[in-house]
Amino acid sequence: MPTYGGDEVNALVLDIGSAYTRAGFAGEDLPKAYFPSHIGYVETDMEVTETADDPSKGAGASPAASDGDVAMGDRAATRKERQYFCDTEGGAWRAGMEIGGPMEDGVVKDWDIYEKIWEYAFKTRLRVRAEEHPVIVSEAAWNTSEKRAKLVELAFEKFQCPAFFVCKTPVLAAFGTGRHTGLVVDIGGESASACAVYEGYCLTKTIRRQALGGEQLTAHILSQLKAEFNYEPTPLFDIKSKTPTDIQRLPAVARRNRAGVTDSYLSAMRHRLTLEFKESACEILERPFAKSYAESKPHKPFEFPDGFNASFSAMRYALPEALFNPKDYYLGPGAGSLVGVHELALRSVVASDIDLRPHLLNSVVLAGGSSLFPGFADRMSLALQEAIPGSRLKLYCPTSAIERKVTAWLGGSILGSLGTFHQLWISRAEYDEHGASIVDKRCL
Amino acid sequence: MAHKAKQRAPAMSRELTSLCLENQTVPVALDQFQAKPKFGTRAARWAWRGFKSSARADDLVLHHWTKANEQFTDYFYARFNAQTKPYAYTDDEYGQCIEPLGGGWTRAETDYLLRLCAQFDLRFLVIHDRYYSHPDCPGAAVAPDRTLEDLKARYYAVGRALTQHRAGADDGDPEDVPLQATNKLADDLELLRFDKDKELERKQHLEALFRRTDEEIEEEELLVAEARRIEASERRLIHEREALLQAHAMFEEVPASAIGPPLKVQFAQTVEPGLASPSATPGAESGPKARRGSAPEGPGDAATPRPLKKQKSLHGVATPQRGRPAGSSHKAQARASPGAGLLGPPLPPSALAWSSASPGRGLGPRSERSDSPPQFGVPTFSTEDHIVKPAVTVVDAPEIGPITVPARDARLGPGVFLRSDKLFPISKSRLDAVNQFMGQLSLSGPHTIWPRPVMVTAAVCDRFDSLQATILPLLDYKKVADKLETEIQVLRARRRMLVAELGAQRAEAILDKLPPPAPLPDHAHDRSASPGSGGAAHQRKGSTAGSRKRSSA
């Protein structure tokens, strides 16, 4: 039985990121489910109307949702019921449907959506009963004690888990690449962070983060497209028909012009659309962006779903340059206070003890979907090496794109299938005895 | 056809099939029926079982698959639950040995620190990281701004104090533990040693290293490379020098001075200043012709020790005989054909070097070339630089007055040489003896293989050469003298024995009958003239005397 220190107890691993959620069984090499964390919801007065085509209702719902719970409280007279649509259902158009994510700044903001994602992952995707399986979830390194307590409550009270554990994302990402010590640079959906992990412990004093992740980059790309070509991508749900156009001409699209399209839905769909452009056209130069050099690189033609097409040369390098040089290339809010991701990593290293620094620099772990730009790892390596010329530097990142997207989940999968880990679970009995505060003592 | 062959194949051997078919078809791999493997054992049964782990405080039951026949008393991985035991102290102990440590630590904070040490298994980086954010943090009891070193220092101080206290060695300073007492206590205390200041200093240095800029690193690397280069070239230089000296040592075995005096004839007016050779000086005084005339007398009459056996190893032309020496014949050829360049047959390289044994040696054969370029660039003799060629001509035009060229300058041929080569080398076999002798004279030179003067001016070198030239024959004499001494001892002993056998009176009578022994001065002269031959002769004499005695007995 004792082979390779593993012992599987059919634990579930759930890694809910701000952009994507990964769920699966511990001990497997990839998550069974991978779906967007942004889910759609329609607010109705008790009765459920999936294809309600009432423009007045949809229009009324959208400001309420954007304001959050306060707006809902205004209409306390008629109790609001939310109906949720996850994954592909959430992507399909519904009148008055909002789209929202559970996270803000890495920590859980909307507990309803968060809970819905658990439910969807377990019931619909994994098809398991949560009360039969121990559950590991990931959390941001800067998660607060209150949020963790609430998380434990959710696991034990709502889902009746027999055992539960919560582990910090950087630690899991490090485990996912097979290391227990290292500098984890995680460029996630909504934030970029760097953090030192020492023997499986996340060093809180070394956490450096900023709100510049994949979502912000997508927004930046959209604004740049608008500025450069006066073009705004038409989301798929709005395209009725299209005719081919010349290069760099605005698309000739017949729109559906549906009523009840909420702002959040439209923006989410636009982002999802731009994702394809971001993933297939954008690259990062191996050295700081220079227009003349970038133009000498091969051009890349790209056609959006609505027929707009262009050949991108320097632009496709300039866009993701925002990650490394936000001051000059990022036009979003708060650009002045942002720094490059390499600078983020560097600050994290400098914040750690001098004895630890060589170990950190010797195992820099890249995680997060936004680190998947071609050339990102090379550039990171170069930028760090230039900043710290005297140190040995080694980057660890899974070579396959899929693994890079699920690095933290992989770490959870490894952790949850270790024989020696099973003594760390917070059991139901312990929760009953100590209350939610046990999570702070156990999950460090 | 192929199909047929395929059908026929199982009945026949492969060889036979191929013969019959005469290789008309290619061999066909046959599908052979694979019987389903039968295993003697049944598949092991696996069961989905719950388990409890002793590593857990509660009795959580988790489930996993195990082999049905396996029974574990405890969870397999519970054995890996290693835990760090923190120091624990009673109130008494705290008051007695920890409280006096001071440093602004309260009991509550110390307790808290030790609890963290246990929880994080002494990972001080993590302890320091969570020190103020840990849920157990006693809040106000914890002093602000504890550094990592503070925590470490406190932990180790507590550890030392407790260890010492429990060992009952309260009174002694831990530093006073005697070296030989390698007891457990000393080891333990040594392990718990933590010097905060040193640690901070170390980290400062590391920090400085970490913050080096690219230029600084480059400069440092350059410096290191340069240092390495200098070291390497120094080593190489020493090595080359050794090699050169070694190369010269190769020629050392070439003997002595068999052609010494004749060479002086070539340099007609050569005077060896300061060379304390009795044979050289008189020759120099006389004119060239006279010298040439005196040359034949050289080997025989010179007071120089000249072992006969060595003469054999001389190159052929230079075989010294009591007659015309080889050198002069060379010179004669040179005069006959001045443009010829080489004066005689090419000489073996060994001829280039000349034994140092004799002060009477002179110019190497290659220097005899009439057209050899002037190679004596030593400033001391700068006025005589050009003289070597004229020196040859001097013989023809004797009206030119005597000109002196130091023998050691004339000795070297053209080409590159070390100036130290100008000193006459001594043979390797005698090196130790000469060194020892010089040591006895408390002449310390630089540490080279060959003895060298410290201040190499011409005068010093002359003196040095003459010293060496004196030492070498002296050593020869000493050797011979030692040998004779022992022989005499042996003979005396023998004589005593014989006399004892015969009786004193009879022996006296026999001895009286003997002819009187040869006069002693002759003996001494003989010996000093040529230690080798003289010694041998003496030995012969001694032995004949012995045999005579014996026969007479």
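Protein sequences appear in the order of chains U and B.
If you're matching positions, the first sequence starts at 1 in the working numbering and goes up one per residue.
If you're matching positions, the second sequence starts at 1001 in the working numbering and goes up one per residue.
We treat Cβ as the ideally placed atom computed from N, Cα and C, and that holds for glycine.
If residue i and residue j are in contact, beta carbons under 8 Å, what's the gap, nearest whole angstrom?
i                  : j                  : result
Gly-332 (chain U)  : Gln-216 (chain U)  : 5 Å
Phe-85 (chain U)   : Tyr-34 (chain U)   : About 17 Å; that fails the 8 Å criterion.
Leu-1423 (chain B) : Asp-1482 (chain B) : Contact doesn't hold; Cβ gap of about 28 Å is too wide.
Ala-1566 (chain B) : Pro-1086 (chain B) : Residue 1566 (chain B) is absent from the model: chain B starts at 1001 and stops at 1553.
Trp-1046 (chain B) : Thr-1066 (chain B) : 7 Å
Phe-156 (chain U)  : Arg-428 (chain U)  : 6 Å
Arg-179 (chain U)  : Ala-23 (chain U)   : Actually they are not in contact, since the Cβ atoms of Arg-179 (chain U) and Ala-23 (chain U) sit about 24 Å apart, beyond 8 Å.
In or out: residue i buried (at least 16 other Cβ within 10 Å) or exposed?
i                  : result
Val-1434 (chain B) : buried
Lys-394 (chain U)  : exposed
Lys-405 (chain U)  : buried
Ser-1442 (chain B) : exposed
Thr-399 (chain U)  : exposed
Leu-1016 (chain B) : exposed
Tyr-396 (chain U)  : buried
Leu-1223 (chain B) : exposed
Thr-454 (chain U)  : This structure leaves residue 454 (chain U) out entirely; chain U is present only between 1 and 444.
Glu-433 (chain U)  : exposed
Gly-334 (chain U)  : exposed
Glu-430 (chain U)  : buried
Leu-1514 (chain B) : exposed
Leu-1472 (chain B) : buried
Lys-168 (chain U)  : buried
Thr-1457 (chain B) : exposed
For residue i, does the three-state DSSP call read helix, strand or coil?
i                  : result
Gln-1436 (chain B) : helix
Ile-402 (chain U)  : helix
Val-13 (chain U)   : strand
Cys-1461 (chain B) : helix
Asn-362 (chain U)  : helix
Phe-373 (chain U)  : coil
Asp-45 (chain U)   : strand
Ala-211 (chain U)  : coil
Val-197 (chain U)  : strand
Gly-435 (chain U)  : helix
Ser-427 (chain U)  : strand
Ala-1167 (chain B) : coil
Ile-1238 (chain B) : helix
Asp-1145 (chain B) : coil
Pro-36 (chain U)   : strand
Glu-1501 (chain B) : helix
For residue i, is the beta carbon positioned less than 6 Å from some heavy atom of the ligand ADP?
i                 : result
Thr-234 (chain U) : You won't find the ligand ADP in this model; it holds no ligand whatsoever.
What does residue i reach in chain B if we use C-beta pairs closer than 9 Å?
i                 : result
Glu-186 (chain U) : A small fix is needed here, since residue 186 (chain U) is Asp in this sequence, not Glu. Simply none; closest approach about 18 Å.
Asn-143 (chain U) : What Asn-143 (chain U) touches in chain B: nothing, since even the nearest Cβ is about 12 Å away.
Arg-179 (chain U) : Those do not exist, as Arg-179 (chain U) stays about 16 Å from chain B at its closest Cβ, beyond 9 Å.
Using a C-beta to C-beta distance shorter than 8 Å, which residues of chain B count as neighbours of residue i?
i                 : result
Pro-134 (chain U) : Leu-1062
Pro-389 (chain U) : Arg-1212, Thr-1213, Asp-1214, Ile-1217
Ser-437 (chain U) : Pro-1135
Ala-429 (chain U) : Asp-1058, Asp-1059, Leu-1060
Ala-163 (chain U) : Leu-1060, Leu-1062
Asp-440 (chain U) : Pro-1135
Leu-203 (chain U) : Leu-1125, Val-1126, Asp-1129
Pro-362 (chain U) : Note that residue 362 (chain U) corresponds to Asn in the displayed sequence, not to Pro. Per Cβ cutoff of 8 Å: no residues; Asn-362 (chain U) is ~13 Å from chain B at best.
Using the beta-carbon of each residue, which ones in chain U are nearer than 7 Å to residue i?
i                  : result
Leu-1148 (chain B) : Asp-353
Ala-1055 (chain B) : Gln-423
Ala-1080 (chain B) : At residue 1080 (chain B) the sequence reads Phe, which differs from the Ala that was named. Result: Thr-420.
Mind pulling the chain U residues with CB within less than 9 Å of residue i?
i                  : result
Glu-1226 (chain B) : The contacting residues do not exist; Glu-1226 (chain B) stays about 19 Å from chain U at best.
Tyr-1077 (chain B) : Pro-2, Gly-5, Asp-7, Leu-418, Gly-419, Thr-420, Phe-421, His-422, Gln-423
Lys-1203 (chain B) : Asp-353, Ile-354, Asp-355
How would you list, in chain order, the residues of chain B whose beta-carbon sits under 7 Å from the beta-carbon of residue i?
i                 : result
Glu-461 (chain U) : Residue 461 (chain U) lies beyond the residue range present for chain U, which begins at 1 and ends at 444; the question has no answer from this structure.
Anything in chain U within Cβ reach of residue i, meaning under 8 Å, just list it in chain order.
i                  : result
Glu-1207 (chain B) : Ile-354
Runs of beta strand (DSSP E) wholly within the stretch 103-179 of chain U (minimum 3 residues, chain order): Runs of the beta strand (DSSP E) spanning 3 or more residues and lying entirely within the stretch 103-179 of chain U occur at 135-139, 163-168, in chain order.
Could you pull out every unbroken alpha helix (DSSP H) segment of at least 4 residues lying fully inside the stretch 261-317 of chain U, listed in chain order? 263-281, 291-296
Note down, one range per segment and in chain order, each beta strand (DSSP E) of at least 3 residues found wholly within the stretch 1053-1131 of chain B. 1062-1067
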